[in-house]
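Colleague: Take this structure first; my questions come after.
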Amino acid sequence: MDKVVATAAEAVADVRDGSTLAVGGFGLSGVPAVLIEAVRARGVRALGVVSNNCGAMGTGLARLLADGAIARVTGSYIGGNKEFARQYLDGEIELELIPQGTLAERLRAGGAGIPAFYTPAGVGTLVAEGGLPWRYDGHGGVAVASPAKEVREFDGVPHVLERAIRTDFALVRAARGDRHGNLVFAKSARNFNPPAAMAGRITVAEVEELVEPGDIDPDHVQLPGIFVQRVVALTPGQAADKSVEKRTVRNEAKQYEAKDTAKDAAKRKAER
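Structure representation (structure tokens):
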């Protein structure tokens, strides 16, 4: 039952060329960066990645992308990742873009043993009708396009059939985990980590705090250990290494100046 592996390198030692990976995270939140670096160190190529996005600001999956190690991405967001956009438009990488909720459910369904499901998301668009560019030919043309999907009505509402996703491996990050693989995620870092973990045939979790079995209240477990095969305990430095994608700060001086101006205006109005 003890699923703890000594190092991240050991935990991903059987990831090979052509392996498929479901990877948790959203932007820079909840990204299993240590495990991704361990995969990168292996020098494997032609990876198939399933993740909401493909890294940002040169971190996470963006590191594998820059190495040319990823052949195909299934996700819902390109965002500000210019290298991802360039590789896609230049025909260097295949991309299956799908609605974000559909992606989460396809991953969850894979872990739940549900082969496919119907959803109204995407009906009446290229998602259902086919023709979305999966791969460009490098000259502005489409080399591979998405196929049409089955559409069926339920209670008069059309729904499109979506297939579940299963991958060879899943890489996730959790705030706490015990030696049996039970995991707890912190706030927004929960994002795609649970469904990604469910979809992997071999799921590896890097945890910021490793605790003993029984230390996590069963009612607080957010992902049962049955879905996790390997656990890697992060060092304090690795656990604290978290970037902010878009930092927004408030200018206190301008805020108070605006309040004072509004008060002055109200005073003058009252005097009149």
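According to the UniProt record's numbering, the sequence shown is numbered sequentially starting from 1.
By construction, the Cβ of each residue, glycine as well, lies at the ideal position given by its N, Cα and C atoms.
Note that the coordinates shown come from a computational prediction; the quantities given were computed from them, not determined experimentally.
1) Measure the alpha-carbon distance for Val231 versus Gly200 and round it to whole angstroms.
2) Are there 16 or more other CB atoms within 10 angstroms of the CB of Phe154, so buried, or fewer, so exposed?
3) Return the bridge partner residues of Arg227 from the DSSP annotation.
4) Ile88 by DSSP, collapsed to three states: which one?
5) Go to Ile70, then tell me how far its beta strand (DSSP E) extends in each direction, as first and last residue.
6) How is Leu132 classed by DSSP in three states: helix, strand or coil?
7) Assuming Ala164 contacts Ala104 (C-beta within less than 8 Å), just tell me the rounded distance between them.
8) How is Gly200 classed by DSSP in three states: helix, strand or coil?
9) Please work out which residues of its chain come closer than 6 Å, Cβ to Cβ, to Pro195, disregarding the five sequence neighbours upstream and downstream, and give them in chain order.
10) Going by the CB atoms, is the gap between Leu171 and Ile78 shorter than 8 Å?
11) Would DSSP call Val127 helix, strand or coil?
12) Based on DSSP bridge pairs, tell me the residues matched to Val23.
13) What does the alpha-carbon distance come out to for the pair Gly131 and Gly138?
14) Roughly how many angstroms separate the alpha carbons of Glu129 and Asp241, rounded to a whole number?
15) With contact counted as at least three CB pairs below 8 Å, one residue from each stretch, are the segment 174-188 and the segment 204-215 in contact?
16) Grab me the residues of Tyr136's own chain with a C-beta within less than 8 Å of its C-beta, minus the 5 sequence neighbours each way, in chain order.
17) Tell me whether the segment 65-76 and the segment 40-57 touch, counting them as touching only if at least three CB pairs, one residue from each stretch, are closer than 8 Å.
18) Measure the C-alpha to C-alpha separation of Gly156 and Gly101 and round it to an integer number of angstroms.
19) May I ask you to report which of helix, strand or coil DSSP gives Ala9?
20) Since I believe Leu28 is in contact with Glu245 (beta carbons under 8 Å), could you give me their beta-carbon distance rounded to a whole number of angstroms?
21) Measure the CB-CB distance between Val221 and Asn182 and report whether it falls below 8 Å.
22) What's the gap between the Cα of Leu65 and the Cα of Asp217?
23) Per DSSP, what are the beta-bridge partners of Val232 in this structure?
24) Shortest alpha-carbon distance to Asp17 belongs to which of Ala9, Asp2, Leu47?
25) So, Gly80 versus Ala56, is the Cβ gap smaller than 8 Å?
Modeller: Per the coordinate set shown:
1) If I take the Cα positions, the gap works out to 14 Å.
2) It counts as exposed.
3) The question names Arg, but residue 227 is Phe in the sequence shown. Answer is none; Phe227 lacks a bridge partner.
4) Looking at the sequence itself, residue 88 is Tyr, so the reference to Ile does not match. Residue state, collapsed to three classes: helix.
5) Ile70: member of the beta strand (DSSP E) spanning 70-75, first to last residue.
6) Coil at Leu132, not helix or strand.
7) At roughly 12 Å, the Cβ-Cβ gap does not stay under 8 Å, so Ala164 and Ala104 are not in contact.
8) Residue state, collapsed to three classes: strand.
9) Answer for Pro195: Ala104, Leu107, Arg108, listed in chain order.
10) Not in contact: Ile78 and Leu171 (Cβ atoms no closer than 8 Å).
11) Note: Val127 maps to helix in three-state DSSP.
12) Leu171, per the DSSP bridge assignment.
13) Spanning the alpha carbons of Gly131 and Gly138 requires a straight line of approximately 17 Å.
14) For the pair Glu129 and Asp241, the Cα-to-Cα distance works out to about 43 Å.
15) Cβ pair count under 8 Å is three or more, so yes.
16) Closer than 8 Å at Cβ, skipping near neighbours: Tyr88, Leu89, Asp90, Gly91, Val142, Ala143.
17) Enough Cβ pairs lie closer than 8 Å, so yes.
18) Taking the straight line from one Cα to the other gives about 22 Å.
19) Here Ala9 sits in helix by DSSP.
20) Sure, about 5 Å apart at Cβ, within 8 Å.
21) Going by C-beta atoms, Val221 is nearer than 8 Å to Asn182.
22) Approximately 39 Å between the Cα atoms of the pair.
23) In the DSSP output, where bridge partners are listed per residue, Val232 has Glu206.
24) Of the candidates Ala9, Asp2, Leu47, the residue whose Cα lies closest to the Cα of Asp17 is Leu47.
25) Yes, the pair counts as a contact, with Cβ atoms nearer than the cut-off.
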